Amino acid sequence: MNSRKPLLLVLAFVLVIGSLPLAAQDDQINMTMWVRSIPFQTQAMVDEWNANNDSQIELTVIPSAEFVTKMGAAIAAGEPPDIASIDLIYTPAFSAAGQLVDITEFVRELPYADSLTPAHMELGMYEGRNYAVPTGVDGSFIVYNIDLFEQAGLDPDNPPSTWDEMLDAMRAINALGDEIYRYWFSMNCAGCNAFTFLPFIWASGGDVLSDDYAEATITSDPIVRDALAFYNTIWEEGLVPEGASIDNGANFVNAFAAGNIGMAGMGNFAIPLFTNDHPDLNFGVFHIPGKEGGAASFGGGDVIAIASGSEHVEEAWRFIEWTMSDEAQIEIYAANGQIPVRLELVDNPYFEGDDRQMTAASALAVGFTPYTVVYNDLFNDPNGPWLEMLQIAILDGDIDGALELGQERFTQIMEG
Amino acid sequence: MIGSIALLNLSWQQRRKLTGLLFVTPTVAFVTVFFIIPLLMTAYMSLHDWPLFGERAFTGLENYQELSKDRQYLKSLDFTFRYTALVTPPIFILGFILASLVRHNIRYIGIFRTIFFLPVVIGLGVSSLLWVWMVDDRIGIFNKILLDLNLVPKAQLFLGRPNTAMNVIILSVVWKTVGFTMILLLAGLQAIPDELYESAEVDGAGYFRKLFYITLPLMRRTIALALVLSVIGSVLSFDQFYIMTRGGPRNSTISIVFWIFNNSFTYFKMGYGAAMSIVLLGILVALTGLQLYVLREKE
Chain Y
15 MNSRKPLLLV
25 LAFVLVIGSL
35 PLAAQDDQIN
45 MTMWVRSIPF
55 QTQAMVDEWN
65 ANNDSQIELT
75 VIPSAEFVTK
85 MGAAIAAGEP
95 PDIASIDLIY
105 TPAFSAAGQL
115 VDITEFVREL
125 PYADSLTPAH
135 MELGMYEGRN
145 YAVPTGVDGS
155 FIVYNIDLFE
165 QAGLDPDNPP
175 STWDEMLDAM
185 RAINALGDEI
195 YRYWFSMNCA
205 GCNAFTFLPF
215 IWASGGDVLS
225 DDYAEATITS
235 DPIVRDALAF
245 YNTIWEEGLV
255 PEGASIDNGA
265 NFVNAFAAGN
275 IGMAGMGNFA
285 IPLFTNDHPD
295 LNFGVFHIPG
305 KEGGAASFGG
315 GDVIAIASGS
325 EHVEEAWRFI
335 EWTMSDEAQI
345 EIYAANGQIP
355 VRLELVDNPY
365 FEGDDRQMTA
375 ASALAVGFTP
385 YTVVYNDLFN
395 DPNGPWLEML
405 QIAILDGDID
415 GALELGQERF
425 TQIMEG
Chain P
789 MIGSIALLNL
799 SWQQRRKLTG
809 LLFVTPTVAF
819 VTVFFIIPLL
829 MTAYMSLHDW
839 PLFGERAFTG
849 LENYQELSKD
859 RQYLKSLDFT
869 FRYTALVTPP
879 IFILGFILAS
889 LVRHNIRYIG
899 IFRTIFFLPV
909 VIGLGVSSLL
919 WVWMVDDRIG
929 IFNKILLDLN
939 LVPKAQLFLG
949 RPNTAMNVII
959 LSVVWKTVGF
969 TMILLLAGLQ
979 AIPDELYESA
989 EVDGAGYFRK
999 LFYITLPLMR
1009 RTIALALVLS
1019 VIGSVLSFDQ
1029 FYIMTRGGPR
1039 NSTISIVFWI
1049 FNNSFTYFKM
1059 GYGAAMSIVL
1069 LGILVALTGL
1079 QLYVLREKE
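Taken in sequence, the protein lines are chains Y and P. In this text, residue positions in the first sequence follow the numbering used here: the first is 15, and each later residue adds one. In this text, residue positions in the second sequence follow the numbering used here: the first is 789, and each later residue adds one.
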């Protein structure tokens, strides 16, 4: 029996020593974070945070199309992540369902709250309370190929500022040859066209939804018809490659990167992609114009929120607050070509002298996002009324039929 | 130990029953966990307003009443049945022809059986993607051939028009599934004794007489199985439409399962999606029952 004693002592010693790191780990806060698969700098943010803080964040990247379903399933199962980077258009639905932590008191303490991108802040609110703040901002604008503009005899320093000027520019580029295209739209991609076509309507003072988001104004607002007619002209005159009619967004970015497209609707996520992967692409950007002038942009991107049920609300907010700090916004976002979520930080050493980034950032100041819990059903769904209306009006040329159908289906969805 | 003693005390018949019960237990457990419980849950969900997140509320039969007013639901049902009616005959007829061709065990026949069966082993998702590439207007092989042969003036957007999109999908599904029907029918063909054909030939029967008086009557059960599986597969089709057309163009290729998916996982109306699933289950049971009745073995 005695011969076993040393063995037991060794075993007890090993167990005590072995449990020490575990005890230490128990004190450490481990958080989970989910983000959809978009090229923001979330991974870089999390890596930097993990390298310099005791609390650690495990980041899970979820395919964009599956994000809301997975998030909803996780909430239903009682196991949501602590932090979620959510496509801003879904925030009202999550907030309304009580799935996000009210962070109003935290936001009030931010000295720079007023300079956070307005569209994202508005979408992050529900019944006057804050539930999310911007984390990846993405405004829409038009990119144009400076080389093609010059070849067509257009002045690249004075890009179009009305619909007619855009059409004239396209027709001028049209003369360059068969392999050169004047414009690109992905007409089988609902979200792409909410992002890049809706601003044409907004910039002209129109909208497809009433100010209180209670009803559709598709048939009552004449600007909607005009905008559809404008895009229909582009299609009818063959100013867009035929393949654009069936593109589901796969070529939304790539089409312009090929270098033979004159103009295309785009978002600022594309600027670092173009500059890094296509250094020979000589491009500029201009605001999406209204019929007679003006400018508008779709405020897209992600907001960041704490999911209800998180046991680490304070620490999660500490991370979120840090992501909006000067250090993170300039050294991680701006340094990688990503526009800061605080608009006063757009004047930074990395953007200096780059008109494209300045224009893209100023688009965010006029950025707007529809505030409705049925946004997905109305605009983003590939089988929803928005895309069907656009296809019938623009590709088939039946504008009246499209308006009637759009109004009917929008109303049906909005009335639940 | 106690269990085995208790088992020893049982009579032969009791032990036989117990053994039988033990044999079927895994299957019963499997069916219960993966079919009966989900089915009951679906039925329960269908009686509720069941969003993906947020409060659930009991609504009785409201979801079912809603169905009659859902224009897209009726349109999707119509589309699904039209698709099933169009895709089933080529799968069956081609499957039968292929099975007849590879029926006899001659040298190298295995190579042909393998080639015909090969598309079955790849997933429907993969095959749909493959076809999207093959009919692409810029890099697709179909357009390349048509253009090289001067059969078309410019590259065709096959998936951009409702009719051609439907034809491409039918072609892709026939290519993908015909091998399975061939294997089923081949098993049925090979089960028919050669003596029957020999004696028919002695009596002077030609190919068609043998086909209609020997082959088809004796393959009734196999044909029923092949048709039931093919029809069920077509009524439940989803992947090919989701991948190849996303329901387009102009929402012309939204199958019923696609619409259930949209309601459940895009609009998050899980209760409504469940109600549609229950109705579809009823339709499938009725359809399968009808097929089995028509193709039953007559005494």
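The beta-carbon is built from N, C-alpha and C at its ideal position, and this holds for glycine as well. Remember, predicted model here, so these are calculated numbers, not experimental data.
In the three-state reduction of the DSSP assignment, residue 841 (chain P) falls in the coil class, being assigned neither a helical nor a strand state. Just so you know, the alpha carbons of residue 259 (chain Y) and residue 200 (chain Y) end up roughly 6 Å apart. For residue 73 (chain Y), the uninterrupted beta strand (DSSP E) run begins and ends at 70-76, by DSSP. Burial check for residue 955 (chain P): the Cβ neighbour count within 10 Å stays below 16, so the residue is exposed. A check of alpha carbon separations from residue 276 (chain Y) across Y:265, Y:68, Y:197, Y:239 identifies Y:197 as the nearest. Beyond the five residues adjoining it in sequence on each side, residue 165 (chain Y) comes within less than 7 Å, by CB distance, of 190 in the same chain, given in chain order. Going by C-alpha positions, residue 174 (chain Y) is about 8 Å away from residue 303 (chain Y). Note: residue 140 (chain Y) is bridge-paired with Y:143 in the DSSP secondary-structure output.
Closer than 9 Å at the C-beta level to chain P, one finds these residues of the stretch 102-122 of chain Y: 107, 108, 110, 111, 112, 113. Chain-order list of chain P residues neighbouring residue 352 (chain Y): empty, with the shortest C-beta distance near 29 Å, by a criterion of under 7 Å.
When only Cα atoms are considered, residue 320 (chain Y) and residue 114 (chain Y) end up about 6 Å apart. Interface with chain Y (8 Å Cβ-Cβ cutoff): residue 925 (chain P) is included. Under the three-state reduction of DSSP, residue 1081 (chain P) is assigned to helix. For the C-beta of residue 391 (chain Y), the chain P residues within less than 8 Å are, from N- to C-terminus, 1054, 1055.
Cβ-Cβ distances below 7 Å link residue 57 (chain Y) to 73 in the same chain, with the five nearest sequence neighbours on each side left out; the list follows chain order. Boundaries of the alpha helix (DSSP H) harbouring residue 122 (chain Y): 118-122, taken from the DSSP string. For residue 413 (chain Y), none of the residues of chain P pass the 9 Å Cβ criterion, the least Cβ distance being about 15 Å.
Close to chain P, meaning a Cβ-Cβ distance shorter than 8 Å, are the following residues of the stretch 169-203 of chain Y: 202.
In terms of Cβ geometry, residue 411 (chain Y) and residue 246 (chain Y) form a close pair [threshold 8 Å]. In the DSSP assignment, residue 281 (chain Y) falls within the beta strand (DSSP E) that extends over 275-281.
Among the residues facing chain Y, residue 1042 (chain P) is included, as its CB has a counterpart in that chain under 8 Å away.
For residue 940 (chain P), no beta strand (DSSP E) run applies, since DSSP gives it neither H nor E. Chain P has a Cβ within less than 8 Å of the Cβ of residue 259 (chain Y). Here residue 308 (chain Y) is not near residue 281 (chain Y), since their CB atoms are 8 Å or more apart.
Annotation: residue 95 (chain Y) has no Cβ neighbours in chain P at a cutoff of 8 Å; minimum Cβ distance is about 14 Å.
For residue 197 (chain Y), the uninterrupted beta strand (DSSP E) run begins and ends at 195-198, by DSSP. Look at the beta carbons and you see the stretch 249-268 of chain Y touching the stretch 943-950 of chain P: at least three pairs across the two are nearer than 8 Å.
Sequence-distant partners of residue 970 (chain P) (beyond 5 residues in either direction) whose C-beta falls short of 6 Å from its own C-beta, in its chain, are 883, 886, 887, 904.
Scanning P:991, P:1008, P:1057 for the CA closest to the CA of residue 979 (chain P) turns up P:1008.
Taking C-alpha positions only, residue 203 (chain Y) is separated from residue 249 (chain Y) by approximately 16 Å. With a threshold of 8 Å between beta carbons, residue 395 (chain Y) makes contact with chain P.
DSSP places residue 836 (chain P) within a strand segment (E or B) once states are collapsed to three. Of the candidates P:872, P:997, P:964, P:872 places its Cα closest to the Cα of residue 1016 (chain P). Residue 142 (chain Y) is not a Cβ neighbour of residue 52 (chain Y), given a cutoff of 8 Å. What residue 818 (chain P) touches in chain Y, judged by beta-carbon distance under 9 Å, is nothing: the nearest beta carbon there is about 23 Å away.
With a 10 Å radius around the Cβ and a threshold of 16 neighbouring Cβ atoms, residue 268 (chain Y) comes out exposed.
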